[in-house]
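Report on the following structure.
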Amino acid sequence: MYVIYSGLFVVCIAAAALFAASETALMSVSLSAWERMRKERPRMESAYALWSSNPSLMLASLLLCTDLASLGASVVAVGLANRLIEIHPVYPGAVLLLSSFLAGAAILFLGEILPKLYARHACEKVLLASSGVLVAVSRSLSPVLGGLTALSEWMKKLFSFMPSEPLITAEELQQTISAPYVEGLAPSARRILSNLIAFDEAQVSEVMIPRNQIIAIPLEQNSERMFEHMVRSGFSRLPVYFGSVDNILGIVYARDLLVEWRSSGLLVLEDLLRPPYRIAPEAPLSVLLQGFRQGGHHLAVVTDSRGRTQGIVTIEDVVEAIVGDIADEFDQPR
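For what it's worth, the numbering used here labels the leading residue of the sequence shown as 2, then goes sequentially.
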């Protein structure tokens, strides 16, 4: 009888360890690792298809099986303790207490902590070994879990008036990226990820070239000075103004100047101007980037509510807000 109880206890602990390790492996494996496993082991295709189409079903199945296996181990441990008490009834309280402690420690360490620690560093090995079990368990429990999922969705709709909070906020994600215990991220990658998170909240005024640093061409400038101005600036696009930079008429491209000069030898600057894309300084960078993409613009004039020019911003400025400074051989202090 002891052998049967002991064998059942070991089976329950092994099952709990398998399901706990599989859960951690699923949450740790990368997309590239999935692709590699699918190419090397075609049998992983069904596991990947189920995980990609319905990850909540697979995770819920693993959690349920882990709990059932742990519960089974506890029941077997109690049964084994009762058998020991029947044979040695002198200290029943001590036997029950010691059995509960040993069973709890085995369930916690052998069935939870150690398997999850191993799966975190060997997620591919765990998934390769358990993929068949994962698919079978998930499909077997799908009718039950499907009903529970439908019930939870109905309750969510029923209590939809209750405010819902995001699973993780931008501030928490920033703290996670900056945390020293996060491994595998180079400092440059941390900086880029941090900038991407803050991108939606960043405003045009934070990255624009201010008014006093704008390089622009006056409309009345002759062609020789115009070319000299363009070459010295090092930019392929410059705003053109009449009177002052508060009256920017358009944007001229160096390419258009050269083509017109070579074809006719006569430059009429007004004919080469492209309409300026104007944006407010308090506009989010995401709105600016959307305007660049939709209109095919590379430069925008930043104007306030009174129509006064506050600065200019280029697509390079937006990119630098994410990846940092980008310098080339033409860059000059602006």
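No residue lacks a Cβ here, since even glycine has one placed at the ideal position from N, Cα and C.
Among the options, whose alpha-carbon lies nearest the alpha-carbon of residue i?
| i | options | result |
| --- | --- | --- |
| Leu1 | Leu118, Ile88, Leu115, Ala82 | Residue 1 is absent from the model: the chain starts at 2 and stops at 335. |
| Leu258 | Ser71, Leu174, Met231 | Met231 |
| Ala74 | Cys13, Leu51, Leu115 | Cys13 |
| Leu197 | Val324, Leu118, Leu250 | Val324 |
| Ala130 | Arg238, Ala106, Arg42 | Arg42 |
| Asp272 | Ser141, Ala190, Leu250, Ser54 | Leu250 |
| Gly244 | Ile86, Ser141, Glu221, Val260 | Glu221 |
| Cys66 | Gly8, Ser141, Ala26, Val4 | Ser141 |
| Cys124 | Ser33, Arg84, Leu186, Met156 | Ser33 |
| Ser1 | Val4, Ala187, Val288, His298 | The question about residue 1 has no answer here: the residues shown for the chain are numbered 2 through 335. |
| Thr287 | Ser306, Asp318, Asp305, Trp262 | The question names Thr, but residue 287 is Ser in the sequence shown. Ser287 has its Cα closest to that of Asp318, out of Ser306, Asp318, Asp305, Trp262. |
| Gly235 | Asn248, Ala255, Tyr3, Ala15 | Ala255 |
| Arg294 | Ala95, Asp305, Ile316 | Ile316 |
Please classify residue i: is it buried, with 16 or more other beta-carbons within 10 angstroms of its beta-carbon, or exposed?
| i | result |
| --- | --- |
| Ala301 | buried |
| Met227 | buried |
| Tyr242 | buried |
| His122 | exposed |
| Ile252 | buried |
| Pro277 | buried |
| Trp52 | buried |
| Glu330 | Caution is warranted here: a pLDDT of 46 is assigned to Glu330, below 50, making its placement in the model unreliable, and the coordinate value is therefore given only provisionally. Answer is exposed; the Cβ neighbour count stays below 16. |
| Pro211 | exposed |
| Val320 | exposed |
| Pro334 | At Pro334, the pLDDT of 47 sits below 50, so the modelled position is not reliable; the number obtained from the coordinates is stated separately. Exposed, by the Cβ-count rule. |
| Ala106 | exposed |
| Met28 | exposed |
| Met38 | buried |
| Leu135 | buried |
| Leu152 | exposed |
| Lys117 | buried |
| Met209 | buried |
| Leu128 | buried |
| Ala95 | exposed |
| Ala26 | buried |
Is residue i helix, strand or coil when you go by DSSP?
| i | result |
| --- | --- |
| Gly312 | strand |
| Gly112 | helix |
| Val241 | strand |
| Pro211 | strand |
| Arg42 | coil |
| Pro285 | strand |
| Gln204 | strand |
| Asp68 | helix |
| Tyr6 | helix |
| Asn223 | coil |
| Gly325 | coil |
| Ala21 | helix |
| Ala15 | helix |
| Ile218 | strand |
| Asp318 | helix |
| Arg335 | With a pLDDT of 44 at Arg335, under the threshold of 50, the modelled position of that residue is not reliable, and the figure given next carries that caveat. Here Arg335 sits in coil by DSSP. |
| Gly292 | helix |
| Arg307 | coil |
| Val246 | strand |
| Leu152 | helix |
| Glu330 | Note that Glu330 scores a pLDDT of 46, beneath 50, so its modelled location is shaky and nothing firm can be said. |
| Leu146 | helix |
| Gly123 | It is worth fixing the name first, because residue 123 is Ala in this sequence and not Gly. Three-state DSSP puts Ala123 in coil, outside helix and strand. |
| Ala187 | coil |
| Val138 | helix |
| Tyr49 | helix |
| Gly94 | helix |
| Leu274 | coil |
Would residue i and residue j qualify as a contact pair, given that the criterion is a beta-carbon distance under 8 Å?
| i | j | result |
| --- | --- | --- |
| Asp201 | Pro285 | yes |
| Leu58 | Ser143 | yes |
| Pro219 | Ile313 | no |
| Val246 | Thr170 | no |
| Arg44 | Ser101 | no |
| Val138 | Ser31 | no |
| Val303 | Val145 | no |
| Leu194 | Ile178 | yes |
| Pro24 | Leu64 | Residue identity differs from the one stated: residue 24 is Glu in this sequence, not Pro. Yes, they are a contact pair. |
| Val77 | Tyr6 | yes |
| Leu99 | Ile86 | no |
| Ile280 | Leu274 | no |
| Trp262 | Leu268 | yes |
Three or more C-beta pairs below 8 Å linking the stretch 94-112 and the stretch 7-26: With a cut-off of 8 Å, the stretch 7-26 and the stretch 94-112 count as touching, because enough Cβ pairs lie within range.
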